[in-house]
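Numbering-wise (this note's numbering), the sequence shown opens with residue 14 and increments by one.
Backbone N, C-alpha and C fix where the C-beta goes; we use that ideal spot for every residue, glycine too.
Small disclaimer: the values here were computed from a predicted structure and weren't measured.
First the structure, in the form of structure tokens, and then the observations on it.
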Amino acid sequence: MKDDDVVARIAANPKYMKLVSMRSTYSIFMTILIMAIYYGYILLIAFDKEFLARKLADGMVTSIGIPMGVGVILLTIIITNIYVRRANSEFDDLTAEIIHEAHQ
14 MKDDDVVARI AANPKYMKLV SMRSTYSIFM TILIMAIYYG YILLIAFDKE
64 FLARKLADGM VTSIGIPMGV GVILLTIIIT NIYVRRANSE FDDLTAEIIH
114 EAHQ
């Protein structure tokens with residue numbers, strides 16, 4: 014079977030269109046989510062420094078901005094993990110089905 018035939022069969026497979034749509038939608042959603050978190054924090058730094066400078070409690074040195082910054086980093090790791098898990102399971106499974114069907 015020629016490579017061009019396989020490519021044509023994959024492109025014509027409705028599961029391929031489903032995969033492309035699902036993956037694109039999911040990627041865009043996750044990108045917007047992480048950008049909102051990251052740029053929200055940056056905007057907070059730019060426009061409300063007083064809030065971020067507040068101490069966590071009386072007598073403490075640590076301000077609110079420190080745990081929020083750590084939270085941004087942790088959320089980035091969590092969101093990346095969620096995406097990778099879905100890509101390695103659902104998306105890869107569907108890709109394998111599409112390739113298998115194309116070679117039949």
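A residue is called buried when at least 16 other Cβ atoms come within 10 angstroms of its Cβ; Y29 meets this threshold and is buried.
Burial check for L87: the Cβ neighbour count within 10 Å stays below 16, so the residue is exposed. Its chain contains I50, Y51 and Y54 as the residues whose beta carbon lies nearer than 7 Å to that of V85, once the 5 sequence neighbours on both sides are disregarded; these appear in chain order. Sorting D17, M35, K68 and I23 by C-alpha distance to the C-alpha of E103 places M35 at the top. Within its own chain, the residues whose Cβ lies closer than 8 Å to the Cβ of S40, once the five positions on either side in sequence are excluded, are Y96, listed in chain order. C-alpha of D105 to C-alpha of P80: approximately 36 Å in a straight line.
Excluding its 5 nearest sequence neighbours in each direction, A66 has C-beta neighbours in its own chain below 6 Å: S76, listed in chain order.
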